[in-house]
Amino acid sequence: MVALRSARIKGSQARLFVGAGIVAGSSAESEWRETEMKSLAMLRALGGGHV
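The working numbering puts the sequence shown at residues -18 to 32.
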């Protein structure tokens, strides 16, 4: 498994980076939803909650 998520925190700002592994049979819509869920989890960990 590869965790395709990271964050760069500088002062009071954070930039979140997430991705998805596209392979044969992937659904673009479900991969997009997956990246939104990854972003939301990171935002919540930082005290936020909006994607």
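The beta-carbon is built from N, C-alpha and C at its ideal position, and this holds for glycine as well.
Remember, predicted model here, so these are calculated numbers, not experimental data.
On the DSSP letters alone, give me the boundaries of the alpha helix (DSSP H) that Leu24 sits inside.
9 to 26
Selected residue, minimal CA-CA separation from Leu(-3), among Lys(-9), Glu12, Ala9, Ser(-13)
Ser(-13)
Looking only at C-alpha atoms, which of Glu12, Glu17, Leu27, Ala(-5) sits nearest to Gly2?
Glu12
Of the residues Ser8, Gly0, Val4, Gln(-6), which one's Cα is nearest the Cα of Ser20?
Closest by alpha carbon: Gly0.
Taking DSSP as the reference, what is the three-state secondary structure of Val33?
The displayed coordinates of the chain run from -18 to 32. Any statement about residue 33 would go beyond what the structure contains.
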